[in-house]
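Have a look at the structure below before the remarks.
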Amino acid sequence: MSSAYHRAATLLSCTLVGFVCGTLYLYSAFGPQLAHRLSYSGTDAQFIAFSGTIGIALSGVPAGLIIDQRGFTIALIIGALSIALGYLGLKDQFDDVYESVSLSAFFVFLVGAGSTFINSSLIKCCAISFPNNRGIATSFPIATYGLSAFAYSAVGSLLFKTDTSRFLGFLGYSSLAICLIGLPSIYLADANSNKGQTIRNLPRPSLESRSSSGKRSPSIELQPYPLGSGSFPRQKNLAEELIQKKIQASSDSSPVEILKSTNFWLVLIVLGALAALGQMYIYSVGYIVKSLLSEVGDDKVITKEQQFQVSVLSIANCAGRLLCGILGDLISNSLKKSRSWILFFPCSLLLLVQIVGYQLEDYSKLWIESIINGIGYGFTWSSIPQLLIEYFGVGSFSFAWGVINLGPIIPAYYFTHLFGSIYDSNLTIDETTKLENCLVKSDCYRSTFGRTFFFALITFVVVFWINVSPIWRNRRSPRDTFIN
1 MSSAYHRAAT LLSCTLVGFV CGTLYLYSAF GPQLAHRLSY SGTDAQFIAF SGTIGIALSG
61 VPAGLIIDQR GFTIALIIGA LSIALGYLGL KDQFDDVYES VSLSAFFVFL VGAGSTFINS
121 SLIKCCAISF PNNRGIATSF PIATYGLSAF AYSAVGSLLF KTDTSRFLGF LGYSSLAICL
181 IGLPSIYLAD ANSNKGQTIR NLPRPSLESR SSSGKRSPSI ELQPYPLGSG SFPRQKNLAE
241 ELIQKKIQAS SDSSPVEILK STNFWLVLIV LGALAALGQM YIYSVGYIVK SLLSEVGDDK
301 VITKEQQFQV SVLSIANCAG RLLCGILGDL ISNSLKKSRS WILFFPCSLL LLVQIVGYQL
361 EDYSKLWIES IINGIGYGFT WSSIPQLLIE YFGVGSFSFA WGVINLGPII PAYYFTHLFG
421 SIYDSNLTID ETTKLENCLV KSDCYRSTFG RTFFFALITF VVVFWINVSP IWRNRRSPRD
481 TFIN
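For the sequence shown, the positions run 1 to 484 when full-length UniProt numbering is used.
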């Protein structure tokens, strides 16, 4: 198979396997049913959802170390087994009506951890296979990550209706099957990268190559060519070639250099806040639907509408991830600007979500909020890998990506716990069914968005600082403005 065909097959396989990564977003579709059957409170349900976030975050560093040192095939297998075990465990617990919040949380944790292992391996695979178009290439598996919930929700509503047990089983077995289908191409890409057949060139400077004024040093792109062939890149002269190779060799930052970078921690703060805001809405939209439709009283109707909102979120999530990849390459390659400017898009959108969430009272307009949140959340997760590769290169990308994934832990815990506690505080007991329900519609959760608005606003200020502070530094040091 030629290099072009093999790379195309690799991209197709990564795109397909990406569907497995985003199944955790389906929690709003099956979470309320699981909580109802096992008699969990709203706070319990939000804690279980947060366990998935913990799984995503804590598995980032070990996944990154395994991928950087042992390749991405092993990480893919670990992820597939973790997701399958998580969903099949939830299915058994649901079938046996075994009430245990900690056990449910553990199974959802496995799903989150497996998602990170697979997602990290796919991003690294695409970044290495397509060195000159990393933004677009990595956006494909990242996009199907976001589209996953829609695809599974559509299949679930068609084949399983409201049968939560069969749906959980389908999630577990299909995850294994899809990973097995994509494994051969990804394994070959892994083997080729280990042999040096994939040229890891990076046309982007590291943060540490900036001058004191905050401007970047020039970076020259090396065009890849097949090893062992008679063709070589055209160079103006030997000196230019040596300069290019020297710049290329220094473009990848070590883990220690990454951890010493101030901008790395600023990016971690931004991702943590934006991802946590998006996750709070994604994991809670099922309860938002239930609150706004409290007068309906038909569980089948409510379940159908919950699945609809999950589908809307998923499609918007996918669109945001794809658009971010295209926009990132446009900003970097055409406009010659830093990809950090992308962060204004998700930050503005998720700030708007908090405003709409606080004011919205009509369920018929909830899809608007879901679209905004989905696009903003998709932009968030697609922009961060681009920034890490631009700043630090691909050599230690998986390590940096793993540490960055720790960002959402604290804010996600606070936001999900906040939503669950406010929701529970508005519950009332139905004298007929003896079940707890929230009958005050948007007032069940409204104050949550009032508080999260300020976190979104602070995040916007941080993004503003990341992009504008280098300009201010350059103005104070005009002698360095020739450095680009």
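All residues carry an ideal CB built from backbone N, CA and C; glycine is no exception.
Of the residues the options, the one placed nearest residue i, counting alpha carbons only
i, options, result
"Met148", "Val17, Tyr377, Leu122", "Going by the sequence as given, residue 148 is Ser instead of Met. Answer by Cα proximity: Val17."
"Gly393", "Lys124, Arg446, Arg37", "Lys124"
"Phe170", "Ser153, Ile181, Ile186", "Ser153"
"Arg339", "Leu349, Pro385, Glu257, Gly378", "Pro385"
"His6", "Leu322, Cys126, Ser396, Thr116", "Cys126"
"Leu76", "Ile178, Ala49, Val356, Val108", "Ile178"
"Gly135", "Trp367, Trp341, Leu330, Gly407", "Leu330"
"Thr380", "Ile342, Pro411, Tyr414, Phe117", "Ile342"
"Asn317", "Lys304, Thr10, Gly22", "Gly22"
"residue 510", "Asp68, Gly42, Ala9", "Since the displayed the chain opens at 1 and closes at 484, residue 510 lies outside it and no answer follows."
"Ala63", "Phe449, Ser185, Ser115", "Ser115"
"Ser332", "Asn133, Ala4, Tyr281, Gly378", "Asn133"
"Ala105", "Pro411, Ile56, Leu352", "Ile56"
"Val296", "Lys441, Val20, Val155", "Lys441"
"Thr303", "Ile375, Asn467, Lys161", "Lys161"
"Ser39", "Tyr87, Ser3, Glu99, Cys14", "Glu99"
"Leu322", "Ser291, Val285, Gly378, Leu259", "Gly378"
"Ile371", "Glu436, Gly450, Tyr281", "Tyr281"
"Ile54", "Thr10, Asn119, Gly89, Pro411", "Pro411"
"Asn437", "Val289, Gly374, Leu103", "Val289"
"Val270", "Leu388, Val101, Leu183, Ile429", "Leu388"
"Ile74", "Ile315, Gly89, Ile186", "Ile186"
"Ala8", "Leu352, Leu88, Ser129", "Ser129"
"Tyr173", "Ser82, Leu183, Ala113, Leu335", "Ser82"
"Gln279", "Arg70, Ile181, Phe419, Val61", "Phe419"
"Trp367", "Ser13, Phe107, Val285", "Val285"
"Leu268", "Ala80, Ile409, Asp430, Ile66", "Ile409"
"Phe107", "Pro141, Phe94, Leu176", "Phe94"
"Ser469", "Leu292, Leu266, Gly325, Ile355", "Leu266"
"Phe449", "Leu350, Gly52, Ala4", "Leu350"
"Gly146", "Leu88, Thr164, Ala137, Ile375", "Ile375"
"Tyr287", "Phe460, Asn467, Asn426", "Asn426"
As assigned by DSSP and simplified to three states, the class of residue i
i, result
"Ser209", "In this predicted model, Ser209 has a pLDDT of only 42, less than 50, meaning its place in the structure is not dependable; the value taken from the coordinates is given anyway. Ser209: helix per DSSP, three-state reduction."
"Ile368", "helix"
"Asn405", "coil"
"Thr303", "helix"
"Pro131", "coil"
"Ile247", "Residue placement at Ile247 cannot be trusted, given a pLDDT of 44 that sits under 50; what the coordinates show is reported in the next sentence. Helix."
"Pro233", "Residue placement at Pro233 cannot be trusted, given a pLDDT of 45 that sits under 50; the coordinates are not used to answer."
"Val468", "helix"
"Thr162", "coil"
"Leu293", "coil"
"Ser284", "helix"
"Asp190", "helix"
"Tyr358", "helix"
"Tyr445", "coil"
"Val17", "helix"
"Ile483", "Because the pLDDT of Ile483 is 42, which lies under 50, any placement of that residue in the model is unreliable, and the number read from its coordinates should be weighed accordingly. In the structure shown, Ile483 sits in coil (DSSP, three-state: anything other than H, G, I, E or B)."
"Ala4", "helix"
"Leu176", "helix"
"Leu168", "helix"
"Gly395", "coil"
"Leu38", "coil"
"Ser253", "coil"
"Leu11", "helix"
"Ser261", "coil"
"Leu202", "Residue placement at Leu202 is poorly supported in this model, since its pLDDT is 43, which falls under 50; the coordinates still yield a value, given next. The answer is coil: DSSP assigns Leu202 none of H, G, I, E or B."
"Leu242", "Note that Leu242 scores 41 on pLDDT, short of 50, meaning its location in the model is unreliable; the coordinates nonetheless yield the value given after this. Note: Leu242 maps to helix in three-state DSSP."
Bridge-paired residues (DSSP) for residue i
i, result
"Asn437", "Thr428"
Check: residue i C-beta below 7 Å from any heavy atom of the ligand COA
i, result
"Val97", "Among the ligands in the structure shown, none appear at all, so the ligand COA cannot be discussed."
Counting pairs of Cβ atoms below 8 Å between the region 390-409 and the region 345-363, do you hit three or more? Not touching, per the Cβ criterion.
Can you give, in chain order, each stretch of the alpha helix (DSSP H) that sits fully within the region 41-113 and has at least 4 residues? For the region 41-113, whole alpha helix (DSSP H) runs of length 4 or above, ordered along the chain, are 42-58, 60-70, 72-96.
Do the region 265-276 and the region 396-407 touch if we need at least three Cβ pairs shorter than 8 Å? With a cut-off of 8 Å, the region 396-407 and the region 265-276 count as touching, because enough Cβ pairs lie within range.
So does the region 304-313 actually touch the region 444-456, counting three or more Cβ pairs closer than 8 Å? They do not touch, by the three-pair rule.
Given 8 Å, three or more beta-carbon pairs between the region 415-425 and the region 22-37: Not touching, per the Cβ criterion.
Uninterrupted alpha helix (DSSP H) stretches inside the region 296-350 (no shorter than 4 residues): Qualifying alpha helix (DSSP H) stretches, in chain order: 299-329.
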